[in-house]
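K.L.:
First the structure, then my questions, so here it is.
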Amino acid sequence: MGFAFYYQSTEAVDSRKRAAIDADCRRLCEGRTWLSCEPVHFGDVDGRMWGGSKPNYMPHPDDVADAALQGLPDGTIQDALNILCQLSRDHGVDWEITHDEADGPIGFIRNGHADYEVVTQLEQFASLVEVLEEYREEFWQDLVDEEEDDGPSMRPPGPEEN
17 MGFAFYYQST EAVDSRKRAA IDADCRRLCE GRTWLSCEPV HFGDVDGRMW GGSKPNYMPH
77 PDDVADAALQ GLPDGTIQDA LNILCQLSRD HGVDWEITHD EADGPIGFIR NGHADYEVVT
137 QLEQFASLVE VLEEYREEFW QDLVDEEEDD GPSMRPPGPE EN
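Terminal number for the sequence shown in the numbering used here: 178, no gaps in between.
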């Protein structure tokens, strides 16, 4: 399932401030496995900071096992949103938020606070991770079974099969 949510600073950010935001972002993202969602990260579009984070609705069982061995909490959509709010508070930057299913911005993070619509929509997408978690093992097992199955024959039917 392809889905990502995106964040962009509402104004251009100078290089000094950008460096401080990037450093704080890396620090805030540390200490999590980020199995359920990609961590917050930034690029540049016309001087504005821009990034996107994609939830992982069906992580591979090997990745789940590796994450469990690390003994760290998982990074979620909610964690990504909290990091953006923290960066907004600490650096005075506001973020415009959108996602793959939106025709435009769904809202903003201003002065460290996310608009109701941003919180609501991201919570709804985050809840899919929890719902699909119970089907994760079955999904991967079905995928393995399909790979092991030779599937239907690719040869054309013979005269006796017509």
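Just so it is clear, CB atoms sit at the ideal spot from N, CA and C, and this is done for glycine as well.
What you are looking at is a predicted structure, and each value in this text was computed from that prediction instead of being measured.
Is it the case that the stretch 97 to 107 contacts the stretch 125 to 144, given that we only count it when at least three CB pairs across the two stretches are under 8 Å?
P.N.:
These segments touch.
K.L.:
Using the rule of at least 16 other Cβ atoms within 10 Å of the residue's Cβ for burial, across every protein chain shown, is Gln137 buried or exposed?
P.N.:
For the purposes of this step, residue 137 is identified with residue 121 of the sequence shown, where counting begins at 1. The residue is buried, with at least 16 neighbouring Cβ atoms inside 10 Å.
K.L.:
How many Å lie between Tyr22 and Trp66 at the Cα?
P.N.:
Stepping through the sequence shown from its first residue, residue 22 is reached at position 6. Stepping through the sequence shown from its first residue, residue 66 is reached at position 50. Straight-line Cα distance between these residues: approximately 7 Å.
K.L.:
Can you confirm whether Pro71, when its beta carbon is compared against all beta carbons of chain D, has any partner nearer than 9 Å?
P.N.:
Among the chains of the structure shown, chain D does not appear; only one protein chain is present.
K.L.:
Please state if the CB of Arg34 and the CB of Asp60 are separated by a distance shorter than 9 Å.
P.N.:
Numbered from its first residue, the sequence shown carries residue 60 at position 44. Numbered from its first residue, the sequence shown carries residue 34 at position 18. Cβ distance < 9 Å, so Asp60 and Arg34 count as in contact.
K.L.:
Given a cut-off of 9 Å on the beta-carbon distance, is the pair Ala20 and Ser69 in contact?
P.N.:
For this step, residue 20 is matched to residue 4 along the sequence shown. For this step, residue 69 is matched to residue 53 along the sequence shown. Yes, they are a contact pair.
K.L.:
Express the C-alpha separation of Arg48 and His115 in angstroms, rounding to a whole number.
P.N.:
Against the sequence shown, residue 115 aligns to sequence position 99. Against the sequence shown, residue 48 aligns to sequence position 32. Their backbone Cα atoms lie some 23 Å apart in a straight line.
K.L.:
Leaving out the 5 sequence neighbours to the left and right, which residues in its chain are closer than 8 Å to Ser25 when beta-carbon positions are compared?
P.N.:
The residue you call residue 25 lines up with position 9 of the sequence shown. Counting only Cβ-Cβ distances below 8 Å, and skipping sequence neighbours, we find Arg64, Met65, Trp66, Val109, Asp110, Trp111 and Glu112.
K.L.:
Looking at C-alpha atoms only, which residue of Glu139, Phe124 and Val135 is the closest neighbour of Glu27?
P.N.:
Start at 1 with the first residue of the sequence shown, and residue 27 comes out as number 11. Closest option to Glu27, Cα to Cα, is Phe124.
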